[in-house]
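Residue numbers (our numbering): 11 to 248.
Notes follow the structure.
Laid out in structure tokens, this is it:
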């Protein structure tokens, strides 16, 4: 091979090396993980917000438990304020997750739990209409999601919508014929309904006494039925 030809070949190789270096440098300047994650960065942020919300929610529940054990009214007031602040923090993180998911156009498997947990937090913060909207979002994804049905019933009960509460109770009772774990939600709801009816009878504040009496009688009937019902999880195995 002639000297000129060898020199030309060397130049081509050198140019190729330089170009590959520039190309690698440009990719290095933008890390590969950023390139691949640019399309789903909102979803990653949603996951992070979701996990932060769960942590804040768990802390809030711990605060709530300790608040009930406070000895003085001053301590209880301070504990409730601290608890509500933590619930607000959880609510904000859950909303952040929803906002990021909306940007990503994603529907992860935990979206159902996210809507339900938002409803739970809003209910604790006595924002029941908003809680009902969150539970409705959860039930639009899974109509038989037991925690959302139960939460919906609790918020409807707090608003005095006893007809809606009966509907949710019936749904839980029907689910108990299929899912053994539904009985726990039935028991909890019956206890909540009895406590609410008892409180309303004591207060009689701005509510229909006859309507409360009718609902209270119905709740007592359901409590008796539930206590005597044979639950499929209790049936002897074959």
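Beta carbons: idealized from backbone N, C-alpha and C, even for Gly.
Practice prompt. Report yes if the C-beta distance between residue 113 and residue 52 is below 8 Å; otherwise report no.
Written response: A contact, by the Cβ cut-off of 8 Å.
Fill in: Contact between the stretch 222 to 236 and the stretch 191 to 211 (3+ Cβ pairs under 8 Å)
Contact holds: three or more Cβ-Cβ distances are below 8 Å.
Worksheet entry | Enclosing alpha helix (DSSP H) for residue 228 [first to last residue] | That run of the alpha helix (DSSP H) goes 219 to 238.
Worksheet item: What number of angstroms, rounded off, separates the C-alpha of residue 156 from the C-alpha of residue 166?
Response: Distance between the alpha carbons of residue 156 and residue 166 is about 15 Å.
Discussion item. Here's a check: name, in chain order, each residue in its chain whose Cβ is nearer than 7 Å to the Cβ of residue 239, leaving out the five neighbours to either side.
Written reply: Around residue 239, the same chain offers no residue with a beta carbon nearer than 7 Å, after the five sequence neighbours per side are excluded.
Fill in: Contact belief for residue 132 with residue 141 at Cβ below 8 Å, rounded distance in angstroms
Confirmed, about 4 Å.
Worksheet item: Going by other Cβ atoms of all chains shown within 10 Å of its Cβ, with 16 needed for buried, is residue 235 buried or exposed?
Response: Per the 10 Å Cβ criterion, exposed.
Worksheet entry | Own chain partners of residue 93 with C-beta closer than 8 Å, once the 5 adjacent residues on each side are dropped | Excluding sequence neighbours, residue 93 sits near 70, 73, 74 and 77.
Discussion item. On a Cα-Cα basis, can you pick out the residue from 60, 96, 169 and 241 that is closest to residue 192?
Written reply: Closest by alpha carbon: 241.
Worksheet entry | Nearest residue (CA-CA) to residue 67, options 143, 55 and 127 | Cα-wise, what sits closest to residue 67 is 127.
Worksheet item: Out of 89, 177, 63 and 85, which has the shortest C-alpha to C-alpha gap to residue 129?
Response: Here the closest residue by C-alpha is 63.
Worksheet item: Where does residue 146 sit, in a helix, a strand or coil, going by DSSP?
Response: Here residue 146 sits in helix by DSSP.
Fill in: Uninterrupted alpha helix (DSSP H) stretches inside the stretch 64 to 121 (no shorter than 4 residues)
Within the stretch 64 to 121, the runs of alpha helix (DSSP H) at least 4 residues long that lie entirely inside it are, in chain order, 83 to 114.
Fill in: residue 208: first and last residue of the uninterrupted alpha helix (DSSP H) it sits in
Where residue 208 is concerned, the enclosing alpha helix (DSSP H) stretches over 192 to 213.
Worksheet item: Taking buried to mean at least 16 other C-beta atoms within 10 Å of its own C-beta, is residue 199 buried or exposed?
Response: Classification of residue 199: buried, given that the 10 Å Cβ count is 16 or more.
Item to complete: Could you check how far apart the C-beta atoms of residue 59 and residue 106 are, in whole angstroms? I think they sit under 8 Å.
Response: Rounded, the Cβ-Cβ distance is 4 Å, consistent with contact.
Item to complete: Taking residue 7 as part of the alpha helix (DSSP H), name the residues at either end of that continuous run.
Response: One cannot answer for residue 7 here, as it falls past the ends of the chain, which runs 11 to 248.
Practice prompt. Taking 8 Å as the cut-off, decide whether the C-beta atoms of residue 168 and residue 138 are in contact.
Written response: Yes. Within cutoff.
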